[in-house]
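Notes follow the structure.
Residue numbers (the working numbering): 1 to 363.
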């Protein structure tokens with residue numbers, strides 16, 4: 001899919017934000033995880049055997065009834081603990097036209113990651129794949145946060161293996177993602193410098209801690225320190241990794257700059273800034289088939305379970321409950337600091353375009 005087609009699809013969804021399915025879907029493929037991360041907002045649900053995970057056959061039914069989804073994230077838990085995660089990715093790429101696929105990983109299962117990534121890239125020729133490796137500190141700091149003594153070494157080994165794979169596949173991107181908490185906020189510049197030196201094929205990015213983490217005490221972030229690292233990353237767009245001649249590269253970088261500013265203001269002021277399009281452009285499907293507008297709203301905002309809709313995602317997405325949830329989000333001016341949802345909210349809201357163009361002119 002070329003740049004003109006991408007812009008056309010964005011334009012259509014600008015006019016019809018809800019359509020029949022999300023533009024961007026976060027899909028949990030498992031709740032199994034081998035780590036006990038301090039900042040994890042999904043910790044209460046991890047390794048819950050009571051949740052009946054969707055099978056590959058069920059994902060195939062969902063995929064065939066879904067329509068186009070251009071952007072998708074396969075997450076967990078640790079996604080690569082699910083042995084058929086690559087086959088799940090293949091279904092959505094081939095049946096639903098996914099053009100940008102992201103898979104976050106703690107990087108502790110190098111063999112599974114490399115095998116899965118290779119399979120996806122060999123079988124999904126039209127899809128760009130971004131593997132987000134979580135690094136929240138250097139050495140022991142990372143191990144302490146993640147609850148496993150060799151997790152940093154294993155994540156490093158996974159990066160090295162992916163860097164080799166990247167030589168074969170130009171559609172593979174590698175990101176190092178750090179979650180900013182009160183636990184590591186004073187070492188963010190050190191982490192960024194380390195990543196630049198030791199992980200040269202990766203792009204460094206940060207998320208601000210959100211939701212209800214395993215350790216609530218680390219939620220109290222000094223927002224100025226988040227702003228500082230976000231600013232350093234934005235300034236880094238002038239580096240070699242940022243190809244200003246690539247299609248839409250400036251817009252993407254400008255979006256990230258504006259997103260960091262909005263997240264900072266939202267955190268500081270704890271109030272609504274602009275419309276959220278969760279349940280219209282963005283959505284979440286959990287490993288048991290529950291579909292929510294986002295990862296932060298309570299159980300009463302669940303749109304439904306895909307099994308109860310005979311695996312027909314379009315029917316669920318356009319249900320009466322979905323309409324009710326959209327109204328709630330709009331009427332209450334629901335807001336948060338979730339980076340993934342803010343990316344969509346910015347790109348599909350014309351009020352942000354003057355600032356996007358202004359930021360773009362600086363690059």
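For each residue, glycine too, the CB sits at the ideal point set by N, CA and C. Predicted model only: the values in this text are computed from it and were never measured.
Go ahead and pull the three-state DSSP assignment for residue 188.
Here residue 188 sits in helix by DSSP.
So which of 180, 288, 315 and 358 has the shortest CA-CA distance to residue 21?
315
Could you give the DSSP three-state label for residue 104: helix, strand or coil?
strand
Below 8 Å between beta carbons: does that hold for residue 31 and residue 67?
no
Specify, as a first and last residue, the run of the beta strand (DSSP E) that residue 364 falls within.
With the chain running from 1 to 363 in the structure shown, residue 364 is simply not present.
I think residue 90 touches residue 124, with their Cβ atoms under 8 Å apart; what is that distance to the nearest whole Å?
6 Å
Counting contacts by CB-CB distance shorter than 8 Å, is residue 77 in contact with chain B?
The structure shown has no chain B; it contains just one protein chain.
Taking residue 111 as the reference, which of 161, 133 and 308 has the closest Cα?
161
Under 8 Å between C-beta atoms of residue 159 and residue 107
Yes, these two residues count as a Cβ contact at 8 Å.
Using a Cβ-Cβ cut-off of 6 Å (strictly less than) and excluding sequence neighbours within five positions of residue 103, which residues of its own chain qualify?
74, 79 and 131
In terms of DSSP beta bridges, what is residue 71 paired with?
Residue 71 is bridged to 24 and 100.
Can you give the beta carbon distance from residue 328 to residue 65, rounded, assuming they're within the 8 Å contact cut?
That pair is no contact at about 26 Å.
By how many angstroms is the C-alpha of residue 348 removed from the C-alpha of residue 24?
12 Å
Rounded C-alpha distance that separates residue 60 from residue 88:
8 Å
Could you tell me which residues DSSP pairs with residue 179 in its beta bridges?
As computed with DSSP, residue 179 is found in a beta bridge with 207.
If you count every other CB in all the chains shown that lies within 10 Å of the CB of residue 83, and 16 or more means buried, which is it?
exposed
Starting from the C-beta of residue 17, find all residues in its chain whose C-beta is less than 7 Å away, skip the five residues before and the five after it, and write them out in chain order.
Its chain contains 277, 280, 281 and 348 as the residues whose beta carbon lies nearer than 7 Å to that of residue 17, once the 5 sequence neighbours on both sides are disregarded; these appear in chain order.
Which one or two residues does DSSP pair with residue 169 in a beta bridge?
Listed as beta-bridge partners of residue 169 by DSSP are no residues whatsoever.
Whole-angstrom distance between residue 261 and residue 240, CA atom to CA atom
Low local confidence applies: a pLDDT of 48 at residue 240 is under 50, so the model's placement there is unreliable, and no value is given.
What span of residues does the alpha helix (DSSP H) with residue 357 cover, start to end?
353 to 361
Can the beta-carbon of residue 234 be found closer than 8 Å to that of residue 256?
yes
Segment contact, 8 Å Cβ cut-off, at least three pairs: the stretch 146 to 159 with the stretch 177 to 192:
no
Where the alpha helix (DSSP H) through residue 331 begins and ends:
320 to 331
When you compare only the Cα positions, how much space is there between residue 205 and residue 229?
9 Å
DSSP three-state call for residue 129: helix, strand or coil?
Note: residue 129 maps to strand in three-state DSSP.
With DSSP as the reference, label residue 290 as helix, strand or coil.
strand
Using the Cβ count rule (16 or more neighbours within 10 Å means buried), how would you classify residue 366?
Given a span of 1 to 363 for the chain in the structure shown, any question on residue 366 remains unanswerable.
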